[in-house]
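Reviewing the structure listed below.
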Amino acid sequence: MFVKKKIDYYPITVVLLLFAIDISVFFLSPSVWFTLLWSACGLYLKGAICCWNHNHQHNNFFKVAWANRLLEFILGLQTGIVGEAWVLHHTRGHHLNYLDQSKDESAWKSADGRTMGRIEYTFRVTTMAYPLALKVGQNHPKSRKKLVENLWITGGIVGILMAINWVNALILFAVPMVILLTMTISTTYDHHSGLDTDNPYEATYNITNRWYNLLTCNLGYHTAHHLQCARHWSQLPQLHEEIKDKIPSTLYREAGFPFNMLEKIEESWFKKPQQSL
Numbered sequence: 004m005f006v007k008k009k010i011d012y013y014p015i016t017v018v019l020l021l022f023a024i025d026i027s028v029f030f031l032s033p034s035v036w037f038t039l040l041w042s043a044c045g046l047y048l049k050g051a052i053c054c055w056n057h058n059h060q061h062n063n064f065f066k067v068a069w070a071n072r073l074l075e076f077i078l079g080l081q082t083g084i085v086g087e088a089w090v091l092h093h094t095r096g097h098h099l100n101y102l103d104q105s106k107d108e109s110a111w112k113s114a115d116g117r118t119m120g121r122i123e124y125t126f127r128v129t130t131m132a133y134p135l136a137l138k139v140g141q142n143h144p145k146s147r148k149k150l151v152e153n154l155w156i157t158g159g160i161v162g163i164l165m166a167i168n169w170v171n172a173l174i175l176f177a178v179p180m181v182i183l184l185t186m187t188i189s190t191t192y193d194h195h196s197g198l199d200t201d202n203p204y205e206a207t208y209n210i211t212n213r214w215y216n217l218l219t220c221n222l223g224y225h226t227a228h229h230l231q232c233a234r235h236w237s238q239l240p241q242l243h244e245e246i247k248d249k250i251p252s253t254l255y256r257e258a259g260f261p262f263n264m265l266e267k268i269e270e271s272w273f274k275k276p277q278q279s280l
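See below:
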């Protein structure tokens, strides 16, 4: 089997399909308006791919290194987060330091101890994402070297695409990469902001909506993820069941639109009528 777990064919297939569409639109789009339309539609789907990129960096999908590296270049072009960026900034940084805001690479507190708003947090963490990843990489030179290579190669690919068709390259790749990196950082604000504690069961918000977790590959089980970040994403619901009694009820959030709507539709369609006694 080419992948570590068969269920990883789900995100891999969608990633490759969307990339194929991007390339097709880049070369074959009949107009700028068509390119803009696809790019706008693709942003939402690529938002989910940002989550899958995160999962892949924690636990690589493929068994062979070259396939993982190739997938990471595609994910970098789709999300603005190249291979090893998650590893350094997130796994070797944030995951080790999220209980200490003075060290956290994704700190929601400012230097003076103030809780930042979403906009300030998003701006600060986004602009410092790659500099901090490189800084963390000083203690992990092999991973840092790979990150630098990935940045140069990804930048080179975008440069080639710009030389071929700069308008389509901007619309399909360069601009979405910046937008999706920013959107990813903004989403992480909801994971920990305001939770100033050294208790890992009380330091993370969770979303248990089935549709949300289907799209994000179980990102909603965030406490479980932080307790065992090497655990495969498909196993997080089981781990959550084992620890949920330790998680305060206040640390559960609604998934929001359209996930709550989908959940209500599902309940209305499949809810069995109660039998009268």
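First residue of the sequence shown: 4, per our numbering; consecutive thereafter.
In this text, a Cβ means the ideal position worked out from N, Cα and C, and glycines have one as well.
As the structure is a prediction and not an experimental result, all values here were calculated from the model.
- How many Å lie between residue 98 and residue 217 at the Cα? Just so you know, the alpha carbons of residue 98 and residue 217 end up roughly 23 Å apart.
- Item | Contact set for residue 187: own chain, Cβ-Cβ below 6 Å, skip 5 residues either direction | For residue 187, where only same-chain residues beyond five positions count, the Cβ hits under 6 Å are 53.
- Query: Among 130, 101 and 27, which one has its Cα closest to the Cα of residue 184?
  - Reply: Closest by alpha carbon: 130.
- Message: Tell me which residues share the same chain as residue 147 and place their Cβ nearer than 6 Å to its Cβ, disregarding the 5 neighbours each side in the sequence.
- Response: So the qualifying residues of the chain are 140.
- Message: With three or more beta-carbon pairs closer than 8 Å as the criterion, would you say the stretch 113-133 touches the stretch 58-70?
- Response: Touching, no.
- Task: Pick out the complete alpha helix (DSSP H) segments inside the stretch 6-70, 4 residues or longer, and give them in chain order.
- Result: With a minimum length of 4 residues, the continuous alpha helix (DSSP H) runs that stay inside the stretch 6-70 are 12-31 and 35-61.
- Taking the C-alpha atoms as reference points, what is the distance between residue 250 and residue 8? About 29 Å.
- Put residue 209 into one of helix, strand or coil per three-state DSSP. Correct three-state label for residue 209: strand.
- Message: Beta-carbon within less than 6 Å of residue 196's beta-carbon, same chain only, minus the 5 sequence neighbours each way: which residues are those?
- Response: Same-chain partners within the cutoff: 111.
- Please state whether DSSP places residue 255 in a helix, a strand or coil. It is a strand residue.
- Query: Start and end of the alpha helix (DSSP H) containing residue 196?
  - Reply: No alpha helix (DSSP H) contains residue 196, which DSSP labels as neither H nor E.
- First and last residue of the uninterrupted alpha helix (DSSP H) at residue 162: Element bounds for residue 162: 144-167.
- Query: Since residue 112 sits in a beta bridge, which residues does DSSP pair it with?
  - Reply: DSSP lists 118 as partners of residue 112.
- Message: Can you give me the C-alpha to C-alpha distance between residue 150 and residue 271, rounded to a whole angstrom?
- Response: Distance between the alpha carbons of residue 150 and residue 271 is about 48 Å.
- Message: Need the endpoints of the alpha helix (DSSP H) that residue 94 sits in, please.
- Response: First-last for residue 94: undefined, no H or E at that position.
- Query: Shortest alpha-carbon distance to residue 231 belongs to which of 262, 204, 46 and 116?
  - Reply: Looking only at 262, 204, 46 and 116, the smallest Cα-Cα distance to residue 231 is reached by 204.
- Message: Does residue 233 come out as helix, strand or coil in the three-state DSSP assignment?
- Response: The answer is coil: DSSP assigns residue 233 none of H, G, I, E or B.
- Task: Take every Cβ of the stretch 31-43, pair it with every Cβ of the stretch 156-171, and state whether three or more of those distances are shorter than 8 Å.
- Result: In short, these stretches touch, since the Cβ pair count reaches three.
- Item | Where the alpha helix (DSSP H) through residue 242 begins and ends | Segment 239-246, the alpha helix (DSSP H) holding residue 242.
- Measuring CB to CB, does residue 207 end up less than 8 Å from residue 229? Yes, they are a contact pair.
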